[in-house]
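**Student:** Below: one structure in structure tokens.
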Ligand code: 5RP
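In UniProt numbering, the protein residues as written are 1 to 235.
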């Protein structure tokens, strides 16, 4: 499955491969979104096919659901599963306290709901995602389309009162149209450079009318598995 990989893909693959060791028969497993999570879904598919692993997968996006079905994983909804044993997902950044920025792939809302409904969240990431301070990666904020420009302006106003270096905000685009999430919402990316108080930022953002959720995952992740380009894995 892994063939000849670039160092970055090898890093993602080895982290994903190690993470599936945590999956046991009968588990309800949250399946993350993104290129690293896609490796994990393929690795799980291999275990289902070749070793008869029996799990139910709860995908965090339509594209993950499609891939999971393709590789033979039984897919179910969160409402059906109700509670999950484990979620494995990627991240755009993680810090020493295992706080995350997620949503680079636009699936942060379902990802946060699924991870929060899990006994354990394991993040799989290449080493480049490790940071001492969150915020170099633009923080995705999911907003409802109704009045999105007003919501964006309110977000910008709120940033003035917070300790951040950058305050630029951009509507995420898909070509010439706004990017639309699985829930039918838009994403505003906040170019902050550095977030000194991620916990405060996460709480304050979610209080703005029109904001559905933000990409800061605080106290949700339990373990980060870090993959390196030479195939080394750290937990
Ligand atoms: C999607 C996410 C992804 O997990 C995050 O963007 C990392 O993606 P990749 O593994 O492709 O680098 O949060 O919403």
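Ideal Cβ placement from N, Cα and C applies to all residues, glycine included.
Report the three-state DSSP secondary structure of residue 177 (helix, strand or coil).
**Tutor:** Position 177 of the chain shown, counting from 1, holds the residue named residue 177. Strand.
**Student:** Residue 218 lies in the alpha helix (DSSP H); which residues open and close that run?
**Tutor:** Locating residue 218 in the chain shown gives position 218, counting from the first residue. That residue, residue 218, is in no alpha helix (DSSP H); it is neither H nor E in DSSP.
**Student:** Does residue 58 come within less than 9 Å of chain D when only Cβ atoms are used?
**Tutor:** This model lacks chain D altogether, as it is built from one protein chain only.
**Student:** Assuming residue 48 contacts residue 73 under a Cβ cut-off of 8 Å, what Cβ separation, rounded to an integer in Å, is found between them?
**Tutor:** Looking up residue 48 in the chain shown gives position 48. Looking up residue 73 in the chain shown gives position 73. 6 Å between Cβ atoms; contact.
**Student:** Once you ignore the five residues that flank residue 195 on each side, which residues in its own chain have a CB closer than 8 Å to its CB?
**Tutor:** Counted from its first residue, the chain shown places residue 195 at position 195. For residue 195, where only same-chain residues beyond five positions count, the Cβ hits under 8 Å are 133, 134, 135, 139, 164, 201, 216.
**Student:** Based on Cα-Cα distance, which residue from 142, 114, 91 lies nearest to residue 184?
**Tutor:** Taking the chain shown and counting its residues from 1, one reaches residue 184 at position 184. Of 142, 114, 91, the residue nearest in Cα terms is 142.
**Student:** Which residue comes first and which comes last in the alpha helix (DSSP H) that contains residue 8?
**Tutor:** In the chain shown, residue 8 corresponds to position 8, counting from 1. Segment 7–19, the alpha helix (DSSP H) holding residue 8.
**Student:** Compare the Cα-Cα distances from residue 221 to each of 232, 44, 154, 122 and report the closest residue.
**Tutor:** Translated into the one-based positions of the chain shown, residue 221 becomes position 221. Comparing Cα positions, the closest option is 122.
**Student:** Note down, one range per segment and in chain order, each beta strand (DSSP E) of at least 3 residues found wholly within the segment 26–86.
**Tutor:** DSSP runs (the beta strand (DSSP E)) wholly in the segment 26–86: 28–31, 56–59.
**Student:** What alpha helix (DSSP H) runs, 4 residues minimum, are completely inside the segment 150–198?
**Tutor:** Here no run is fully enclosed.
**Student:** State the DSSP-derived secondary structure class of residue 93, mapped to helix, strand or coil.
**Tutor:** Here residue 93 refers to the residue found at position 93 when the chain shown is read from its first residue. Reduced to three states, the DSSP call for residue 93 is strand.
**Student:** From residue 213 to residue 45, what does the alpha carbon distance come to, in whole angstroms?
**Tutor:** Numbered from its first residue, the chain shown carries residue 213 at position 213. Numbered from its first residue, the chain shown carries residue 45 at position 45. When rounded, the distance between both Cα atoms is 30 Å.
**Student:** Taking the alpha-carbon positions, what's the residue 186 to residue 172 distance?
**Tutor:** Translated into positions along the chain shown, residue 186 becomes position 186. Translated into positions along the chain shown, residue 172 becomes position 172. Distance between the alpha carbons of residue 186 and residue 172: 7 Å.
**Student:** If you drop the 5 nearest sequence neighbours on each side, which residues of the same chain put their C-beta closer than 6 Å to that of residue 189?
**Tutor:** As a working note, residue 189 is residue 189 in the chain shown. The answer, listed in chain order, is 138, 140, 170, 172.
**Student:** Which of the three DSSP states is assigned to residue 1 in this structure?
**Tutor:** Walking along the chain shown from the start, residue 1 turns up at place 1. In this structure, residue 1 counts as coil in the three-state DSSP scheme.
**Student:** Counting pairs of Cβ atoms below 8 Å between the segment 63–71 and the segment 144–161, do you hit three or more?
**Tutor:** Flag = no, the segment 63–71 and the segment 144–161 do not touch.
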